[in-house]
Amino acid sequence: MNVLVVGNGGREHAIAWKLLQSPNVQKVVCTPGNGGTALLENCLNLPIAVDDFAGIAQACTDHDVAFVAVGPEVPLSLGLADFLSERKISVFGPKKDGAIIEASKAWAKDLMNEAGVPTAAAGTFNNPQAAKDYIQTQGAPIVVKADSLAAGKGVIVAETLEEALNAVDRLWAEGYTTLVVEEFLVGQEVSVLALTDGKTIRPLLPSQDHKQIGEGDTGENTGGMGVYAPTPIATTEIMAQVQTDVLEATLKTLQNRGIDYRGILYAGLMVAPNGEVKVLEFNCRFGDPETQAVLPLLETPLDEIMLACINQTLAELPPLQWYDGSAVCVVAAAAGYPGAYEKGKIITGIQAAEALGATVFHAGTKLEGDTLVTNGGRVLGIVCRGHSFEQAIANVYQAVPKVQFPGMYYRRDIGHRLKKA
Ligand code: AMP
Ligand code: GLY
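Just so it is clear: in the sequence shown, position 7 is 6 by numbering that gives the first Met the number 0, and no numbers are missing.
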């Protein structure tokens, strides 16, 4: 069969790569894809934007596509799954009424409260003064969030009252008219990407992202600078609790609201030092870069999993098969990221990294003729597996320096919280 993947990041490269490992998949079409998917055998990039729904539907017809796998949240929240379903095109990813779980933090908070899902105490405000009054009563540290999709720029973790009050003014001035103000939670963050067909929900292996640019988790938040999986912070007991209290409770409430959710439900969790779990956020899609570490561990063909979600046969799918070990992904970023950065730098050494056993997923690259150049802030995700976490870390940090481009920056401490634990 042929599969169409929507998106152009490292996550979509990993999805296309994993799909192509399946004996059932002949061709993957990426709309629009990136320099990495351009280089994959049996993979075709088409220059169709993620919000060009008619163009994506046409590509499905032209390329005899069995189903569409949607990577990013924006097309899902704009209704891509609705558009394709109306045209009888199978799609992995929730419709608009489910994707709102990521697009509106206030909506998600309300759902969690109705479902009894443990989450930070919060208030939702439609005027800045009310938000500020609430902040004054709660004190700092406190977290201020824009309600809508803000590409990672809408969350301010404020250490002081002044920062929190300024955050309200800034978000309001930027046009965010609904704000969520939330209790500051302490602990370790864990990402649980769960598969659901709307009736059954099953987690993939838990992972830990590193969101900040600087080593030791310092500096600005980014799209994610590295990740490892599985994370033992999510113990068997914690995963059992996540299954019932978070995943099943959320799915039941979605069902009660008449929402037929099929795809990935991503729970961003905070695990407190005493093991207590609270949900920080839900996303309606695979995580980036979590996918780049989780999919290399998956041995069950990805198309079978996605089709089970689409066809509502997830309960009958045999237990997922996993590689017995760990995977670590280190992100190579452009100098200046997450601030301003330059593009068009020549990339070398990918084959040398691959010769050491690494898989290199492209996030922001493009081919200029035969030359691979940087085309984004997060440029590459370099992934290695190992039979232990320590081995995976050692493998990846041998491979990363083989890859080079002018100004390349990467964190040398991915997995540091686990190493200290
Ligand atoms: P979100 O998009 O809601 O996941 O927030 C982005 C990042 O902000 C999270 O990954 C956390 O690092 C941080 N964050 C969000 N909410 C909280 C909270 N209630 N307490 C502490 N940190 C938070
Ligand atoms: N890695 C964070 C995210 O995908 O939202």
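Positions of the beta carbon are idealized from the N, C-alpha and C atoms, including for glycine.
Subject >> 6 angstroms Cβ shell around L319 - same chain, five flanking residues per side excluded >> reply: Answer for L319: T299, listed in chain order.
**OP:** Just the C-alpha distance for F82 and N44, rounded to the nearest angstrom, thanks.
**Re:** 21 angstroms
Original post:
Closer than 7 angstroms: is that where the CB of N220 sits relative to any heavy atom of the ligand AMP?
Top reply: Yes, the Cβ of N220 comes within 7 angstroms of a heavy atom of the ligand AMP.
Subject >> Where the alpha helix (DSSP H) through A150 begins and ends >> reply: Careful: A150 lies outside any alpha helix (DSSP H) and carries neither H nor E.
**OP:** Please say whether A398 and A352 have beta carbons closer to each other than 8 angstroms?
**Re:** yes
Original post:
Can you tell me the Cα-Cα spacing of A139 and A354, whole angstroms?
Top reply: 50 angstroms
Subject >> Bounding residues of the alpha helix (DSSP H) (the contiguous stretch that carries T60) >> reply: For T60, the enclosing alpha helix (DSSP H) has its first and last residue at 52 to 61.
Original post:
Applying the criterion that 16 or more other CB atoms from any shown protein chain within 10 Å of the CB defines a buried residue, is V226 buried or exposed?
Top reply: Buried.
**OP:** Would you check if the segment 94 to 102 and the segment 331 to 338 touch, i.e. whether three or more CB-CB distances between them fall below 8 angstroms?
**Re:** Segments in contact, no.
**OP:** Report all residues from its chain with a CB closer than 7 angstroms to the CB of G376; omit the five preceding and five following residues, and keep chain order.
**Re:** If we look at G376 and ignore the five residues flanking it on each side, its Cβ neighbours are A332, A333, Y336, P337, Y340, G363.
Original post:
Does the beta-carbon of T36 have 16 or more other beta-carbons within 10 angstroms, so that it is buried, or is it exposed?
Top reply: buried
**OP:** May I ask you to check if the CB of V156 is nearer than 7 angstroms to at least one heavy atom of the ligand AMP?
**Re:** yes
Subject >> 7 angstroms Cβ shell around V116 - same chain, five flanking residues per side excluded >> reply: D244, V245, A248, T249, V278
Original post:
Under the three-state reduction of DSSP, which class applies to H361: helix, strand or coil?
Top reply: strand
Original post:
Which residues in the same chain have their Cβ closer than 6 angstroms to the Cβ of V293, if we skip the five residues on either side of it in sequence?
Top reply: L203, L204, S206, A228
Subject >> Start and end residues, alpha helix (DSSP H) containing Y396 >> reply: Start and end: 388 to 398.
Original post:
If you drop the 5 nearest sequence neighbours on each side, which residues of the same chain put their C-beta closer than 6 angstroms to that of K401?
Top reply: The residues are G348, A351, A352.
**OP:** Report whether the distance from the Cβ of D208 to the nearest heavy atom of the ligand GLY is below 7 angstroms.
**Re:** yes
**OP:** Measure the Cβ-Cβ separation of F91 and V69 and say whether it is below 8 angstroms.
**Re:** yes
Subject >> Extent of the continuous beta strand (DSSP E) run through I381 >> reply: 377 to 385
Subject >> Segment contact, 8 angstroms Cβ cut-off, at least three pairs: the segment 60 to 68 with the segment 0 to 18 >> reply: In this structure the segment 60 to 68 lies against the segment 0 to 18, because at least three pairs of beta carbons, one per stretch, are closer than 8 angstroms.
**OP:** With a 10 Å radius around its C-beta and 16 neighbouring C-beta atoms as the bar for buried, classify T370 as buried or exposed.
**Re:** exposed
Original post:
Just reading off the beta strand (DSSP E) that Q187 is part of, what are its end residues?
Top reply: 187 to 195
Original post:
Looking at the unbroken beta strand (DSSP E) that takes in L3, where does it start and where does it end?
Top reply: 1 to 6
Original post:
Do three or more CB pairs link the segment 163 to 170 to the segment 212 to 224 at distances below 8 angstroms?
Top reply: no
Original post:
Taking all protein chains shown into account, do 16 or more other C-beta atoms lie within 10 angstroms of the C-beta of H386, making it buried, or fewer, making it exposed?
Top reply: exposed
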